[in-house]
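**Q** Number 37 in the UniProt record's numbering belongs to position 37 of the sequence shown; there are no gaps in the numbering.
C-beta atoms are modelled at their ideal positions from N, C-alpha and C, and glycine is treated no differently.
Given the structure is predicted, the values throughout are model-derived calculations rather than measurements.
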Amino acid sequence: METASSNPTQGHGSAMSDNNNSTPASSVTPATTNSSWNPFSNSLTSSLTIKLDRTNYLAWKSQVVPTVIGHDLDEILFNNIHPPPTLITRETNPNFKQWKKRDQLLLSWLRSSMSEGILGSVAAHSTSFEVWKSLEQKFSGQSKARLLQLKSQLTNIQKGNMSISDYVDKIKSICDNLAIVGCIVNDQDIELQLLNGLGPEYDSVVSGITSTNESKSLEEIQALLMAHECRLERHHSVSNISNKMAANLAVGNSRTGYNSSRNGNFRPFFQQNRSNEAARNPNNFPPRYLNSNSRPICQVCLKVGHTASVCHYRFDKNFVTPKNNSQSPKAYLAE
């Protein structure tokens with residue numbers, strides 16, 4: 001009986017001791033975690049793809065801010081939390097040591113992401129917050145000017161000779177840069193600027209998009225514009241082929257010596273040239289060249305189709321030229 005009574009007592013005592021041991025363990029765990037905190041073990045050592053120089057502060061900042069927030073360092077870098085007291089009861093404050101360790105590791109990481117020119121301008125600062133504020137003051141004017149420049153580019157952008165894909169990509173790039181500056185452009189404003197920058201050849205598509213009550217995404221609008229672009233390119237190619245065929249036909253006619261007259265008939269170039277020269281110098285050409293539209297009349301037999309120089313009645317002494325009152329041709333001396 002004594003043994004039985006002593007065993008429950010010992011079991012109860014051991015359970016109490018376990019509870020007592022577990023409670024301090026749970027309270028010590030966060031302290032142990034904080035004391036072993038090291039941002040370099042949580043991928044903070046990974047170098048940024050962009051190193052800060054005098055022209056890319058906004059892009060560099062867009063990489064630093066989410067990384068710092070993700071590692072729970074934003075209160076140190078952005079909010080200027082005052083460090084804990086250095087000493088407590090004449091002993092070093094462990095919280096101060098922890099804060100200093102986090103701040104200096106963050107400061108080292110920031111400096112490693114800067115170019116030599118920028119690094120020299122912040123070398124005198126000893127905390128990460130001081131470095132951050134110095135950079136913000138240094139580049140605040142540049143940020144404002146950059147914001148105005150990007151807004152102007154988005155407002156005045158025109159498609160011009162760019163393809164639809166390049167045009168949309170350029171608009172997206174400007175909007176992304178505005179987002180880096182801190183100015184978020186909503187989808188409706190992007191679509192408005194996209195349609196305003198198109199040429200008159202896209203008026204039919206723009207009217208169809210703006211006249212419907214159904215809202216379309218940017219991707220859907222881009223697909224409609226690209227389909228219309230393909231139609232325009234096809235019509236343009238067909239027009240070019242037609243113009244080339246007409247040009248080749250004209251060149252071919254000039255090489256073969258034919259040209260169209262005003263009444264639609266074709267005459268050789270050499271015949272036109274002879275007729276023009278005969279009109280200028282009629283004495284140097286026989287009658288058949290004086291009028292290309294009439295046939296020559298013989299002055300011996302008064303028949304049409306030949307001249308006196310080749311008439312077989314020319315040397316016939318018994319031949320008498322017939323009388324023809326309807327025609328009174330001029331006599332042309334036969335050579």
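According to DSSP, is His235 part of a helix, a strand, or is it coil?
**A** Along the sequence shown, read from residue 1 onward, the residue named residue 235 stands at position 235. If DSSP states are grouped into helix, strand and coil, His235 belongs with the helices.
**Q** Specify the secondary structure class of Ile184 as computed by DSSP and reduced to three states.
**A** Taking the sequence shown and counting its residues from 1, the one referred to as residue 184 is at position 184. In this structure, Ile184 counts as coil in the three-state DSSP scheme.
**Q** Could you spell out where the alpha helix (DSSP H) holding Arg146 opens and where it closes?
**A** Taking the sequence shown and counting its residues from 1, the one referred to as residue 146 is at position 146. Run containing Arg146: 128 to 156, per the alpha helix (DSSP H) assignment.
**Q** Sorry if obvious, but does the Cβ on Asn95 come closer than 7 angstroms to a heavy atom of the ligand ZN?
**A** Annotation note on the ligand ZN: not contained in the displayed structure, which lists no ligands.
**Q** In the DSSP output, what is Glu91 paired with across the bridge?
**A** Numbered from 1 along the sequence shown, position 91 holds the residue referred to as residue 91. DSSP output for Glu91 lists Ile88 as bridge partner(s).
**Q** Counting pairs of beta carbons, one from the stretch 139 to 152 and one from the stretch 53 to 70, are three or more of them closer than 8 angstroms?
**A** Contact holds: three or more Cβ-Cβ distances are below 8 angstroms.
**Q** Which stretch, first to last residue, makes up the alpha helix (DSSP H) that contains Ala59?
**A** Position 59 of the sequence shown, counted from the start, is the residue given in the question as residue 59. 57 to 70 is the span of the alpha helix (DSSP H), which, as asked, contains Ala59.
**Q** In or out: Ser128 buried (at least 16 other Cβ within 10 Å) or exposed?
**A** The residue you call residue 128 lines up with position 128 of the sequence shown. Flag for Ser128 reads buried.
**Q** Just the Cα atoms here: how many angstroms apart are Tyr202 and Glu75?
**A** Position 202 of the sequence shown, counted from the first residue, corresponds to residue 202. Position 75 of the sequence shown, counted from the first residue, corresponds to residue 75. Approximately 52 angstroms, taken between the alpha carbons.
**Q** Should the stretch 156 to 164 be called in touch with the stretch 113 to 120, which here means at least 3 C-beta pairs below 8 angstroms?
**A** No: the two stretches stay apart, fewer than three of their Cβ pairs being nearer than 8 angstroms.
**Q** Roughly how many whole angstroms lie between the Cα atoms of Ala179 and Val185?
**A** As a position in the sequence shown, residue 179 is number 179, starting the count at 1. As a position in the sequence shown, residue 185 is number 185, starting the count at 1. Each residue's Cα considered, the two are about 7 angstroms apart.
**Q** Within 10 angstroms of the Cβ of Ile88, are there 16 or more other Cβ atoms? Answer buried if so, exposed if not.
**A** Within the sequence shown, the letter at position 88 stands for residue 88. Ile88 comes out exposed.
**Q** Would you identify the three-state DSSP class for Met226, choosing helix, strand or coil?
**A** Against the sequence shown, residue 226 aligns to sequence position 226. Three-state DSSP puts Met226 in a helix.
**Q** Measuring only the C-alpha atoms, how far is Arg90 from Ala123?
**A** Reading the sequence shown from its first residue, position 90 is the one you call residue 90. Reading the sequence shown from its first residue, position 123 is the one you call residue 123. For Arg90 and Ala123, the distance between alpha carbons rounds to 32 angstroms.
**Q** Taking Cβ to Cβ, would you say Leu110 is nearer than 8 angstroms to Val131?
**A** Start at 1 with the first residue of the sequence shown, and residue 110 comes out as number 110. Start at 1 with the first residue of the sequence shown, and residue 131 comes out as number 131. Yes, the Cβ-Cβ distance between Leu110 and Val131 is below 8 angstroms.
**Q** Quick check on Ile297: does DSSP put it in helix, strand or coil?
**A** As a working note, residue 297 is residue 297 in the sequence shown. Reduced to three states, the DSSP call for Ile297 is strand.
**Q** Considering only the beta carbon of each residue, do Leu194 and Ile171 sit closer than 8 angstroms?
**A** Stepping through the sequence shown from its first residue, residue 194 is reached at position 194. Stepping through the sequence shown from its first residue, residue 171 is reached at position 171. Result yes, Cβ atoms of Leu194 and Ile171 sit closer than 8 angstroms.
**Q** Look at the alpha carbon of Leu225 and the alpha carbon of Ser211, and state the distance between them as a whole number of angstroms.
**A** Translated into positions along the sequence shown, residue 225 becomes position 225. Translated into positions along the sequence shown, residue 211 becomes position 211. Roughly 15 angstroms between the two C-alpha positions.
**Q** Taking its Cβ as the centre, do 16 or more other Cβ atoms sit within 10 Å of Asp176, making it buried, or is it exposed?
**A** Here residue 176 refers to the residue found at position 176 of the sequence shown. Asp176 is exposed by the Cβ-count criterion.
**Q** Check whether the Cβ atoms of Ile164 and Glu233 lie closer than 8 angstroms to each other.
**A** For the purposes of this step, residue 164 is identified with residue 164 of the sequence shown, where counting begins at 1. For the purposes of this step, residue 233 is identified with residue 233 of the sequence shown, where counting begins at 1. For Ile164 and Glu233, no; Cβs fall outside 8 angstroms.
**Q** With distance defined between alpha-carbon atoms, name the residue in Ser204, Tyr313, Lys216, Asn56 nearest to Phe139.
**A** In the sequence shown, the residue the question calls residue 139 occupies position 139. For the residues Ser204, Tyr313, Lys216, Asn56, the minimum Cα distance to Phe139 belongs to Asn56.
**Q** Cα separation between Ile221 and Asn161?
**A** Position 221 of the sequence shown, counted from the first residue, corresponds to residue 221. Position 161 of the sequence shown, counted from the first residue, corresponds to residue 161. About 19 angstroms.
**Q** Just curious, the alpha helix (DSSP H) that Asp203 is in, first and last residue?
**A** Here residue 203 is taken as the residue at index 203 of the sequence shown, counted from 1. Here the alpha helix (DSSP H) through Asp203 covers 203 to 211.
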